[in-house]
Amino acid sequence: MLKSSLAASLLLCAATAEPQAPAPRRIFISADMEGVAGVVSQEQLGPTGFDYKDAREMMTGEVLAAIQGAREGGATEIVVADSHGNMQNLLLDRLPKDVTIVRGTPRPLSMMQGIDSTFEGVVFVGYHAGTTNPEGVRAHTFSSATLADVRLNGTSVNEGVWNAALAGQFGVPVLTVSGDEAAVREVAAQVAGVETAVVKWPLGFHAARTLTPEAARETIQKAVRRGMERRAERRPYTVRVPVDVELRFKNYRPAEVLSWMPGVERVDAHAVRFRARDMVEATRFVAFVLNYQPSLEP
Numbered sequence: 002m003l004k005s006s007l008a009a010s011l012l013l014c015a016a017t018a019e020p021q022a023p024a025p026r027r028i029f030i031s032a033d034m035e036g037v038a039g040v041v042s043q044e045q046l047g048p049t050g051f052d053y054k055d056a057r058e059m060m061t062g063e064v065l066a067a068i069q070g071a072r073e074g075g076a077t078e079i080v081v082a083d084s085h086g087n088m089q090n091l092l093l094d095r096l097p098k099d100v101t102i103v104r105g106t107p108r109p110l111s112m113m114q115g116i117d118s119t120f121e122g123v124v125f126v127g128y129h130a131g132t133t134n135p136e137g138v139r140a141h142t143f144s145s146a147t148l149a150d151v152r153l154n155g156t157s158v159n160e161g162v163w164n165a166a167l168a169g170q171f172g173v174p175v176l177t178v179s180g181d182e183a184a185v186r187e188v189a190a191q192v193a194g195v196e197t198a199v200v201k202w203p204l205g206f207h208a209a210r211t212l213t214p215e216a217a218r219e220t221i222q223k224a225v226r227r228g229m230e231r232r233a234e235r236r237p238y239t240v241r242v243p244v245d246v247e248l249r250f251k252n253y254r255p256a257e258v259l260s261w262m263p264g265v266e267r268v269d270a271h272a273v274r275f276r277a278r279d280m281v282e283a284t285r286f287v288a289f290v291l292n293y294q295p296s297l298e299p
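Residue numbering for the sequence shown follows this note's numbering, starting at 2 and increasing by one per position.
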């Protein structure tokens, strides 16, 4: 009788216990501007450009579309890294109040600041082709002014592939990438299974056939939702470690001066190589190279 009463009590407790809340599904969004629909020229890419105000609106709209697609696919927490230029482009008052934004530069992990192993997936919005690609709109890798090539373990990569490898170190897969056709083709060729959203087709460095902002938002929303729905099939993109980072400069003096640093090898007149322990160290190295100057203040 005692055993029966104990069993009944345990069953009652189990039935009345509050169900555990499901684990949050965190999604990280890294947003650039050169790959946004309608963006084709320097006049749209910085505060001094006459068309920058409209470009900020269009970039913010595409991020909102990605957020909506992620939520339709089950995302419960979203972090957005503003990752273009001065990294102060997104119109914050247009974003949902429960979204967290990473803003400002310089920062050690650059376009991926805030990524960690708690995220279920990464989405790239507004991405562009790499600096060695002759077809992309505003094609460059990290710095259009200084870098002619960026390589990981001997392979040229664009920003999307680099950032996918950084996310992969934390075990986080890339779900979706949006941008011009050349950009998404580059990422998809190296990051298997990523969903793509093409919002414009390059006609030149400063020219493209482009979707309207409304059509681009719809395309991105659907692609992000597809990526979310198939996230269980996605595997993180990883590279061999330690990782060899090779930077090729458009001028020779950066390579000369950097070669004076321990651990940095001058490959030829314009290039240096650095062996990093992992993608975090590799990213911090590139961030240092592109941001340090003695006159930094405050």
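Ideal placement from N, C-alpha and C gives every residue a C-beta, glycine not left out.
Cα-Cα separation, residue i to residue j
{"i": "glycine 169", "j": "proline 237", "result": "5 Å"}
{"i": "phenylalanine 171", "j": "arginine 227", "result": "22 Å"}
{"i": "phenylalanine 286", "j": "asparagine 292", "result": "10 Å"}
{"i": "leucine 204", "j": "threonine 49", "result": "25 Å"}
{"i": "leucine 259", "j": "glycine 137", "result": "29 Å"}
{"i": "leucine 153", "j": "glutamate 298", "result": "32 Å"}
{"i": "alanine 233", "j": "valine 126", "result": "21 Å"}
{"i": "threonine 211", "j": "aspartate 181", "result": "9 Å"}
{"i": "serine 144", "j": "lysine 251", "result": "10 Å"}
{"i": "glycine 155", "j": "tyrosine 253", "result": "20 Å"}
{"i": "aspartate 117", "j": "glutamate 266", "result": "30 Å"}
{"i": "methionine 229", "j": "glycine 122", "result": "8 Å"}
{"i": "leucine 167", "j": "leucine 92", "result": "26 Å"}
Pick from the options that is closest to residue i, judged by C-alpha positions
{"i": "alanine 149", "options": "Tyr293, Val281, Arg227 and Ala272", "result": "Ala272"}
{"i": "aspartate 99", "options": "Val81, Asn87, Thr106 and Ile116", "result": "Val81"}
{"i": "valine 41", "options": "Val268, Val123, Val200 and Asn87", "result": "Val200"}
{"i": "glycine 70", "options": "Arg231, Glu247, Val240 and Arg274", "result": "Arg231"}
{"i": "glutamate 247", "options": "Ser157, Thr213, Trp261 and Arg186", "result": "Ser157"}
{"i": "asparagine 159", "options": "Val173, Glu182, Thr147 and Tyr128", "result": "Tyr128"}
{"i": "proline 135", "options": "Ala183, Ser144 and Gly86", "result": "Ala183"}
{"i": "threonine 213", "options": "Glu187, Glu73 and Met60", "result": "Met60"}
{"i": "aspartate 245", "options": "Ala283, Gly36 and Gln89", "result": "Ala283"}
{"i": "proline 263", "options": "Asp269, Glu234, Tyr253 and Arg274", "result": "Arg274"}
{"i": "methionine 88", "options": "Gly47, Pro255 and Arg241", "result": "Gly47"}
{"i": "alanine 76", "options": "Gly36, Arg57 and Pro25", "result": "Pro25"}
{"i": "aspartate 269", "options": "Glu215, Asp55 and Ala256", "result": "Ala256"}
{"i": "arginine 72", "options": "Gln294, Pro97 and Glu196", "result": "Pro97"}
For residue i, the three-state DSSP class (helix, strand or coil)
{"i": "threonine 61", "result": "helix"}
{"i": "threonine 220", "result": "helix"}
{"i": "leucine 3", "result": "With a pLDDT of only 48 at leucine 3, under 50, the local geometry of the prediction cannot be trusted, and the value read off the model is given with reservation. Three-state result, leucine 3: helix."}
{"i": "phenylalanine 289", "result": "helix"}
{"i": "lysine 54", "result": "helix"}
{"i": "valine 40", "result": "coil"}
{"i": "glycine 264", "result": "coil"}
{"i": "isoleucine 68", "result": "helix"}
{"i": "leucine 167", "result": "helix"}
{"i": "glycine 161", "result": "helix"}
{"i": "serine 111", "result": "helix"}
{"i": "arginine 249", "result": "strand"}
{"i": "arginine 210", "result": "strand"}
{"i": "aspartate 269", "result": "strand"}
{"i": "leucine 96", "result": "coil"}
Close Cβ partners of residue i (< 7 Å) along its chain, the five nearest in sequence each way excluded
{"i": "valine 192", "result": "Val162, Ala165, Val175 and Tyr238"}
{"i": "alanine 217", "result": "Ala38, Glu63 and Val200"}
{"i": "glycine 115", "result": "Phe29, Val80, Ala82 and Val103"}
{"i": "leucine 3", "result": "Low confidence applies here, because leucine 3 scores a pLDDT of 48, under 50, leaving its location unreliable and the question unanswered by this model."}
{"i": "phenylalanine 51", "result": "Glu44"}
{"i": "asparagine 301", "result": "With the chain running from 2 to 299 in the structure shown, residue 301 is simply not present."}
Chain-order list of residues whose beta-carbon lies under 6 Å from that of residue i (same chain, five-residue window excluded)
{"i": "serine 84", "result": "Ser31, Ala32, Asp33 and Met112"}
{"i": "valine 124", "result": "Ile30, Ala67, Leu176, Thr177 and Val225"}
{"i": "alanine 198", "result": "Ser179, Thr220, Ile221 and Ala224"}
{"i": "arginine 249", "result": "Ala149, Asp150, His271 and Ala272"}
{"i": "valine 185", "result": "Val178, Thr197 and Val199"}
{"i": "glycine 36", "result": "Gly127, Tyr128, His129, Gly180, Asp181 and Ala184"}
{"i": "glycine 86", "result": "Gly47"}
{"i": "arginine 241", "result": "Asn154"}
{"i": "leucine 65", "result": "none"}
Beta-carbon separation (whole angstroms), residue i vs residue j, contact threshold 8 Å
{"i": "phenylalanine 206", "j": "alanine 140", "result": "7 Å"}
{"i": "valine 173", "j": "phenylalanine 120", "result": "5 Å"}
Own chain residues within Cβ distance below 8 Å of residue i, not counting five before or after
{"i": "proline 243", "result": "Arg276, Ala277, Arg278 and Asp279"}
{"i": "alanine 288", "result": "Pro107, Arg108, Pro109, Leu110 and Ser111"}
{"i": "alanine 208", "result": "Val41 and Val138"}
{"i": "threonine 147", "result": "Phe250, Lys251, Asn252, Pro255 and Leu291"}
C-beta neighbour in chain B for residue i, strict 8 Å
{"i": "isoleucine 79", "result": "Any reference to chain B falls outside this structure, which holds one protein chain only."}
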